[in-house]
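Visitor: Those protein sequence lines, which keep their order, are chains A and B.
So the first sequence is numbered by the numbering used here: it starts at 1223 and just counts up by one.
So the second sequence is numbered by the numbering used here: it starts at 569 and just counts up by one.
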Amino acid sequence: MNRMPAPVAYEELLARYRGVVEAAVDAIIIIDETGMVEIFNPAAERTFGYSAAEVVGRNVNMLMPPHDAAHHDGYLRHYLDGGAPRIIGIGREVVGRRKSGECFPMDLAVGEIEGLVPRRFVGTIRDITTRRALEDALRQREQEHSQLLDHAPIGIFAAALGGRFVRVNPALCRMVGYSEAELVTLSAAALAVEDDREQIERSLAELTGAAKQDCQCTLRWRRRDGETINVSLHAVLVGDAPERIIGQVLDRTEQVRSEEASRDARARLAHAGRVSTLGEMASAIAHEINQPLTAISAYAQACRRILDQPGHDPAVVVEALEAITTQALRAGDVVRRIRGFVSNRESEREECDFNEIVQAALDFATIDLRANQVRLHVDLAEGLPTVLADPVQIQQVCLNLLRNAIDAMLDLPPAARHLAVTTAATPHGAVVRVADSGPGVDAEMRERLFQPFQTTKAEGMGMGLSISSSIVGAHGGTIRYADAEQGGAVFSVEIPQAVEHA
Amino acid sequence: MKPSTDATVFVVDDDAAVRQSLSLLLRSMALPVETFDSAQTFLDGCDPERSGCLVLDIRMPGMSGLELQDELRARDIAMPVIFITGHGDIAMAVRAMKHGAIDFIEKPFNDQLLLERINQALELDRVNRASRGALEDARARIALLSPREHEVMTRIVAGQANKVVAIELGLSERTVEIHRAKVMAKTGAGSLAELVSMVTRLEAGPE
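1. Measure the beta-carbon distance from A:T1499 to A:L1621 and round it to whole angstroms, keeping in mind my assumption that it falls under 8 Å.
2. Return no unless some Cβ of chain A is closer than 8 Å to the Cβ of B:G633.
3. With DSSP as the reference, identify every bridge partner of A:S1409, one or two as the case may be.
4. What is the rounded straight-line gap between the Cα of B:M721 and the Cα of B:A711?
5. Relative to the alpha-carbon of A:A1266, which residue among A:S1688, A:G1257, A:V1282 and A:R1552 has its alpha-carbon at the smallest distance?
6. Excluding the 5 residues flanking A:G1559 on each side, which residues of the same chain have their C-beta closer than 8 Å to its C-beta?
7. From B:L599 to B:V579, what distance separates their C-alpha atoms?
8. When the Cα atoms are used, what is the spatial distance from B:I645 to B:F604?
9. Classify B:K675 as buried or exposed, calling it buried when 16 or more other Cβ atoms lie within 10 Å of its own Cβ.
10. I need the straight-line Cα distance from B:V725 to B:V764, nearest angstrom please.
11. Cβ atoms of B:I670 and B:Q688: under 8 Å apart, would you say?
12. Taking the beta carbon of A:A1537 as the centre, do at least 16 other beta carbons fall within 10 Å, making it buried, or is it exposed?
13. Along the chain, where does the alpha helix (DSSP H) containing A:R1625 start, and where does it finish?
14. Could you round the C-beta distance between A:G1695 and A:A1647 to whole angstroms and report it? I think they count as a contact, below 8 Å.
15. So, with DSSP's three-state summary, where would you put A:A1414?
16. Quick one: Cα of B:A729 to Cα of B:L760, how far?
17. Determine the chain B residues that contact A:I1528 at a beta-carbon separation under 7 Å, and present them in chain order.
18. Output yes or no for whether 8 Å exceeds the beta carbon distance between A:R1474 and A:T1450.
19. For A:Q1708, count the other beta carbons within 10 Å of its own beta carbon; 16 or more makes it buried, fewer makes it exposed. Which is it?
20. Can you give me the start and stop residues for the alpha helix (DSSP H) that B:M752 sits inside?
21. Helix or strand or just coil, what does DSSP make of B:M569?
22. Give me whichever residues DSSP pairs with A:E1572 in a beta bridge.
23. Checking contacts by CB at 8 Å: is A:R1597 closer than that to chain B?
24. Determine, for B:S606, whether the minimum Cβ-Cβ distance to residues of chain A falls below 8 Å.
25. Could you name the residues of chain A that B:L593 contacts, counting a contact when the two beta carbons are closer than 7 Å?
26. Mark B:G758 as exposed unless 16 or more other C-beta atoms lie within 10 angstroms of its C-beta, in which case mark it buried.
27. Closest Cβ-Cβ distance between A:P1514 and chain B: below 8 Å?
28. Could you give the distance in angstroms between the alpha-carbon of A:L1472 and the alpha-carbon of A:P1718?
29. Bridge partners of B:C621, per DSSP?
30. Decide if A:M1455 is buried, meaning its Cβ has at least 16 other Cβ atoms within 10 Å, or exposed.
31. With respect to the beta strand (DSSP E) encompassing A:D1328, which residues constitute its N-terminal and C-terminal limits?
32. Tell me whether A:A1724 sits in a helix, a strand or coil according to DSSP, three-state version.
33. Quick check: what's the CA-CA separation for A:L1236 versus A:G1257?
34. Under 8 Å between C-beta atoms, does A:A1545 make it to chain B?
35. Considering only residues of the region 1287-1364 of chain A, which uninterrupted alpha helix (DSSP H) runs meet the minimum length of 4 residues and lie entirely inside it, listed in chain order?
36. Show which residues of chain B have a CB atom less than 8 Å away from the CB atom of A:R1490.
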């Protein structure tokens, strides 16, 4: 079938391809060398809004906006005179004009149908209004996105599945002190300080391994200048077959610092409270240390006398020496307890046995209880949940409650001084209740109970409950007052249980 | 001065270590010792007839040492008390001494000082008991007197001459002399001076 086609007349040609022209999706317009329209297919009718009858026989420039229309005849002549083609054989995006006068963007391809006299040109046209609108919308959206990214106050990034940054916004660059060009060679894990690297790597691995929908973690990053910053990072997978991680990064350094500062301030206040408490207890503590010293001294003097006696029993001396050791250790325990109580250390949360904390406070208060002849009833519940707490601070709170209770009962005859200390599990943690047989707290005082400088004691600063309240609050717990059934006060402190780690 | 052999040192202290060490120390001094962990346990087992002294801790839960001292006074038990304390509390010391304590010794104590005070206390107890014994004896003897003899004794002790007594009681001087001889015999007084001292002590005595 490779014989050369025989020359055909133009009309015959038209007739042969009319079907094709009419069925074409694109608008097809054929003009002669003067620009007069000869063929205007149905798609052209739809595109331009003219019927073929309105256009055929007229200059094609009626389909152009005024500026193009004025020059079209000139372009055509230029080409026919042997000038370089502007459109013909090239195709370009131009503007068309509909019957309504509305101008619209269109792709135009123009070719010359060779071998005809007069010469004829066929143009195929595609209305790209929709495409252009989409493109514009896309461009605008992209612009908006860029603006959003550029002006967002938080760090935003797109990263490859391995975590390497692909795109970063200026806020992220500022946060870490790297340029965009530098940052795209790094990853979220590479920025992490040594200790936190494994954590972020594991989180990202879980994310890309689809073990998790998103990844949220707080970690420390090292800036380009070596400074460490605290960030919280939230990342999600995007794409149908996930290929990108999109993440947001918040710089929490200031927040962490101010939290640390307020924790430090609270710890210092708590420490001052403990020192002051010890000061108030000095005489009782001296007594507590004096007891074993007295025993040691008496045992030692007894030993001397026994050793001087002929025929003495060495076993008695050995027993006394052992008792001396025990008593020396007892005195040492008191000293150690005091040192632990007032050492100015960082506030540290650990998982603690609630009863142990309460017992430690009771051990301390025993001194006061004894000195003031208070009868103590203790009932510590078994199986309490572990609490997350600074044990010394909670011990301080308990001791404060115990000492307040003792003070409240000093006007009573010794036989009427009863103190009950109980612990119990609660839905959220553990609670200790300290109930005394004193006069209770009157209604007016009750409202100001936990405020600083409120006191009913002659020598008190009125800081005890205020400090206690701040300590308990910082632990996410509560401190409450209630009237006891037989009069007297009941203070309770609840501390949340330690959250179990997954 | 040696304490009587059956005199016991009663130690009351709520601190077991202090109690036990003190007990060993006193036993090493050849003193009989009994210990109590509270004022109440001591009171519960307290026999007023037993001689000795108390070594008492001032501060104890429940009844304090000072309260025990008061309680003993209220029960008329005159056992001498030595306080031991870890607190140099002046007010307490003053009160304890005013109420008749032998001493107020600070813990830890010197064994010599403690021994001295204990000996002092035991001696005091012995003397007290002896004089109380004599007093009891005198009271019993005076109880033997007939009403008339008692009347005569009261007047003689007040310094009246036999003659004056005879006139005031409407008796003969001879009868008064007979009564007077009976009084001297029944009371066992060797002289008028002895009789006066006996009656005076009885009138002034706590019982």
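We treat Cβ as the ideally placed atom computed from N, Cα and C, and that holds for glycine.
Being a predicted model, the structure only gives us computed values, none of them experimental.
Guide: Result, derived from the coordinates:
1. 7 Å
2. no
3. A:R1386
4. 12 Å
5. A:V1282
6. Position check: residue 1559 of chain A holds Arg in this sequence, whereas Gly was assumed. Same-chain partners within the cutoff: A1582, D1585 and F1586.
7. 12 Å
8. 17 Å
9. buried
10. 5 Å
11. yes
12. exposed
13. P1613 to A1630
14. With 8 Å as the limit, A:G1695 and A:A1647 do not qualify as a contact, their Cβ atoms being about 21 Å apart.
15. strand
16. 12 Å
17. S596
18. no
19. exposed
20. E741 to T755
21. Unreliable placement is indicated for B:M569, whose pLDDT of 40 sits below 50; the coordinate value is still reported in the next sentence. Reduced to three states, the DSSP call for B:M569 is coil.
22. A:A1611
23. yes
24. no
25. A1520, Q1523 and A1524
26. exposed
27. yes
28. 28 Å
29. B:V577
30. The amino acid at residue 1455 of chain A is misidentified as Met; the sequence shows Leu. So A:L1455 counts as buried.
31. At residue 1328 of chain A the sequence reads Met, which differs from the Asp that was named. It spans C1325 to I1335 - the beta strand (DSSP E) in which A:M1328 sits, taken as one unbroken run.
32. Legend: pLDDT at A:A1724 = 38, less than 50; position of this residue unreliable, no value from coordinates given.
33. 18 Å
34. yes
35. 1288-1302
36. Residues of chain B passing the Cβ test: none, with the nearest at roughly 32 Å.
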